[in-house]
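Position 92 of the sequence shown, counted from 1, bears residue number 92 in full-length UniProt numbering, the numbering being contiguous throughout.
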Amino acid sequence: MDRSEARKRMEELAELIRYHDRLYYQEDSPEISDGDYDRLVRELSALERSFPDLALEDSPLRRVSGGVSEGFKRVPHSVPMQSLDNVVSPLEVEEFLCRLADSLGFEPPVVCEPKLDGLAISLTYEGGRLVRGATRGDGTVGEDVTHNVMTIAAIPKEIAYMGHLEVRGEVFMSRADFAELNALREEQGLSTFANPRNAAAGSLRQLDPKVTASRRLNAFFYHLVNHREAGIKTQVELLEWLKGQGFPVQEDFRRCVGAPEVLEYLEFWDRRRHSYLADTDGVVIKLDPLDLRDALGSTSRSPRWAVAYKFPPEERPTRVLDIEVSVGRTGVLTPTAVLEPVRLSGTEVRRASLHNFDELRRKDVRVGDTVWVRKAGEIIPEVIRVDLDLRPEWSSSFEVPSSCPVCGSSAVRLDGEVALRCPNRSCPAQLKEGLIHFASRDGMDIRGLGDKVAEQLVQRGLVQDFSDLFRMTVEDWLKLDRMGRKSAENMVRSVEMAKDRPLRKLLYALGIPGVGERTARDLAARFGALDAVMNASLEELSSINGVGPVVAKGVVDFFRDPGNRRLCEKLAAAGVRTREEMVRSEGGPLKGMRLVFTGELRSMKRKEAQELVIQLGGQVSDSVSKNVTAVVAGEGGGSKLSKAASLGVPVWDEDRFLELVGGVR
Numbered sequence: 001m002d003r004s005e006a007r008k009r010m011e012e013l014a015e016l017i018r019y020h021d022r023l024y025y026q027e028d029s030p031e032i033s034d035g036d037y038d039r040l041v042r043e044l045s046a047l048e049r050s051f052p053d054l055a056l057e058d059s060p061l062r063r064v065s066g067g068v069s070e071g072f073k074r075v076p077h078s079v080p081m082q083s084l085d086n087v088v089s090p091l092e093v094e095e096f097l098c099r100l101a102d103s104l105g106f107e108p109p110v111v112c113e114p115k116l117d118g119l120a121i122s123l124t125y126e127g128g129r130l131v132r133g134a135t136r137g138d139g140t141v142g143e144d145v146t147h148n149v150m151t152i153a154a155i156p157k158e159i160a161y162m163g164h165l166e167v168r169g170e171v172f173m174s175r176a177d178f179a180e181l182n183a184l185r186e187e188q189g190l191s192t193f194a195n196p197r198n199a200a201a202g203s204l205r206q207l208d209p210k211v212t213a214s215r216r217l218n219a220f221f222y223h224l225v226n227h228r229e230a231g232i233k234t235q236v237e238l239l240e241w242l243k244g245q246g247f248p249v250q251e252d253f254r255r256c257v258g259a260p261e262v263l264e265y266l267e268f269w270d271r272r273r274h275s276y277l278a279d280t281d282g283v284v285i286k287l288d289p290l291d292l293r294d295a296l297g298s299t300s301r302s303p304r305w306a307v308a309y310k311f312p313p314e315e316r317p318t319r320v321l322d323i324e325v326s327v328g329r330t331g332v333l334t335p336t337a338v339l340e341p342v343r344l345s346g347t348e349v350r351r352a353s354l355h356n357f358d359e360l361r362r363k364d365v366r367v368g369d370t371v372w373v374r375k376a377g378e379i380i381p382e383v384i385r386v387d388l389d390l391r392p393e394w395s396s397s398f399e400v401p402s403s404c405p406v407c408g409s410s411a412v413r414l415d416g417e418v419a420l421r422c423p424n425r426s427c428p429a430q431l432k433e434g435l436i437h438f439a440s441r442d443g444m445d446i447r448g449l450g451d452k453v454a455e456q457l458v459q460r461g462l463v464q465d466f467s468d469l470f471r472m473t474v475e476d477w478l479k480l481d482r483m484g485r486k487s488a489e490n491m492v493r494s495v496e497m498a499k500d501r502p503l504r505k506l507l508y509a510l511g512i513p514g515v516g517e518r519t520a521r522d523l524a525a526r527f528g529a530l531d532a533v534m535n536a537s538l539e540e541l542s543s544i545n546g547v548g549p550v551v552a553k554g555v556v557d558f559f560r561d562p563g564n565r566r567l568c569e570k571l572a573a574a575g576v577r578t579r580e581e582m583v584r585s586e587g588g589p590l591k592g593m594r595l596v597f598t599g600e601l602r603s604m605k606r607k608e609a610q611e612l613v614i615q616l617g618g619q620v621s622d623s624v625s626k627n628v629t630a631v632v633a634g635e636g637g638g639s640k641l642s643k644a645a646s647l648g649v650p651v652w653d654e655d656r657f658l659e660l661v662g663g664v665r
């Protein structure tokens, strides 16, 4: 690979990683498995090592993944909440232990702790009372979820220690509570959560604490920011001290010295994890003496004194009973293997992904085959190989469909794509999935419109496209099964309320390829009106921070389609708001400026300040680069200040910012 190819691939990987970070950390709706994500990270990391001078200034490998969602107060962390580097093989574990020994001059003890799949949390105590709870966010600034953590029974609200204390841990949901929650949501016609981690994250990050309280969240803790004040010297002492204060900890940790002891513990947990109360996707290995951690230090993204070992996925054999083809929201035809039930990673699996038809053809999976299946990232069941020795004589290769199995339209394959698609925008399967997305919380937030309701709306011909929802009467809603008059009136009220959602929610709800909640907000902030987004050029879209060429092309192609343009016109005619709250001033005092905010402002919330910048003709960025005009620093500014100093970007205090905006509010 030459330098030009390497740089291009780095940019592609960086954009993909940022996109999937946003889905996982901010929207709690990942599209790929942990393993696939790790492969993207490893490829980019390898390229950056091979071509260090080509590494991007804003590489996603130089920061902690995540962010702060709209609706939550921003909380600066006193010490950054970093992520851990992953290792995926015994050899990589041994290499990590060797690095520790080489750096310290001896083989140090480490502590191994089971890694539960949840959401990182930081709690602050003053005078023995819990005063604040915050998510990791971007590692420097998190989301204030104090009212929500107060509803979690496992979290102590009062402790014996009377000094200032900052403790960190993980909020999670047990498998049993996850299954019960999904069963309840299915009964209510709501979409179900993909896995316990998504359920825990979505439950903790609720604006209404009553919702959090109803979800049976659990927690455990493993770190003290100010351990010196408590006189703690090792990780083992730290865990025992936390337990004594009433914090739940992982009881099954083990102190190990040397690779053989560590690897034995990893094998022990690999065997045990499927019978554990919660999803466990690995083991954290961390240096035991706390003072030696300071000597090793950290990178901008992760500490050098700890890693997370990821378990290899469990594999089991079963038989293929059928191969079905489903149609997704964007028309993609996806083959799925229907299986004899098999127990896998603690749950019964009856279906497994075959990804796409090229992959199906490569593996040559057939009805009647005995196949080996696993859960990718411990979440998505997939077929990994066929046992040809057990193939029945009567089996035959699967015939790739030439038409949509739902509406019969001829299937197409777009240039540069692997997937087959149904091109019919009115296909019932596409419309149903699209309705669910359109009505979702991050979209138009239409309460009560879940999977079963969407299916009936399409089957009964009540909805041909999204705009039809806004014309439905109480009598129309009464045509659905199990829909009483009160429920029908609530649906009409919920749909009516959706008309006044801000533009950013409409842009997300439309299902534009590559446009998640964050990108939708950026588009709305930049253009202010749906018409402006629809007519934006590729160059204008690509200039927005965080919107790369792939997403920009997806937006242009979406609005170039006559059917999509007609839909937007019909939504506007139905009374749906097509403008953002603020109106952008092209000739304002901040015209041509790009500002970054860090820390807490005295005079207004950060979101208000960002909207004010856009109103006055400027642009807002979340990361510091040479293209930024200045960084506006409030109280508790974080790593953005040091980045600004290294790049020579000016730093303004709040008074300077207020002087420029002229007191406009």
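Note that CB positions come from ideal geometry on N, CA and C, so glycine has one too.
Residue i: buried (16+ other C-beta within 10 angstroms of its C-beta) or exposed?
i, result
"N148", "buried"
"M10", "buried"
"residue 666", "Given that the chain is displayed from residue 1 to residue 665, the structure contains no residue 666 and the question cannot be resolved."
"W394", "exposed"
"S122", "buried"
"C98", "exposed"
"I384", "exposed"
"M483", "buried"
"F106", "exposed"
"Q464", "exposed"
"R273", "buried"
Skipping 5 residues on each side, what residues in its chain have a beta carbon closer than 7 angstroms to that of residue i?
i, result
"V583", "Confidence at V583 is low in this model, with a pLDDT of 46, below 50, so the placement of that residue should be treated as unreliable; the coordinate-derived value is given next. Contacts found: G528, Q615."
"A488", "V474, W477, L478"
"P60", "A14, I17, R18, D21"
"V386", "K363, D364, V365, D369, V371"
"F657", "V632"
"Y37", "H20"
"K640", "V596, T598, V624, V631"
Can you check which of these residues, the options, is closest to residue i by C-alpha distance?
i, options, result
"H437", "E267, R602, V533, E517", "E517"
"A439", "A419, S396, I323, L510", "L510"
"G244", "L344, L641, P156", "P156"
"L266", "F357, D451, C112", "C112"
"L503", "A520, M491, M497", "A520"
"P401", "V386, E315, A419, D387", "A419"
"A337", "P392, F398, F311, E187", "F398"
"W305", "L287, V320, P312", "L287"
Hey, how far is the Cα of residue i from the Cα of residue j?
i, j, result
"G67", "R594", "Note on G67: pLDDT 49, under 50, position unreliable in the model; the coordinate value appears next. If you take the alpha carbons of G67 and R594, they lie about 20 angstroms apart."
"residue 666", "E95", "As displayed, the chain neither begins before 1 nor continues past 665, which places residue 666 out of reach and without an answer."
"A536", "R413", "27 angstroms"
"V613", "E359", "48 angstroms"
"D481", "Q456", "8 angstroms"
"R665", "D294", "With a pLDDT of 44 at R665, under the threshold of 50, the modelled position of this residue cannot be trusted; read the value that follows with caution. The straight-line gap from Cα to Cα measures roughly 45 angstroms."
"Q610", "R602", "14 angstroms"
"R168", "K115", "14 angstroms"
"T212", "T151", "7 angstroms"
"L660", "E654", "10 angstroms"
"L73", "G575", "The sequence given here places Lys at residue 73; Leu does not occur at that position. So the two alpha carbons sit approximately 31 angstroms from each other."
"C568", "V249", "52 angstroms"
"V257", "P108", "6 angstroms"
"G139", "S300", "10 angstroms"
"V131", "M162", "13 angstroms"
"D322", "D561", "36 angstroms"
Residues in the same chain with beta-carbon distance under 6 angstroms from residue i, minus the five sequence neighbours each way, listed in chain order, please.
i, result
"G514", "V551, G554"
"V458", "P428, L431, K432"
"P405", "V325"
"L165", "Y125"
"V342", "R316, T318, V349"
"F558", "I512, N564"
Does the distance from the C-beta atom of residue i to that of residue j stay below 9 angstroms?
i, j, result
"F253", "F221", "no"
"L590", "G634", "no"
"H223", "V141", "no"
"G328", "R425", "no"
"V307", "L344", "no"
"L292", "L435", "no"
"L530", "L506", "yes"
Can you give me the Cβ contacts of residue i inside the same chain, cut-off strictly under 8 angstroms, excluding the 5 residues immediately before and after it?
i, result
"D522", "I544, N545, G546, V547"
"A573", "S467"
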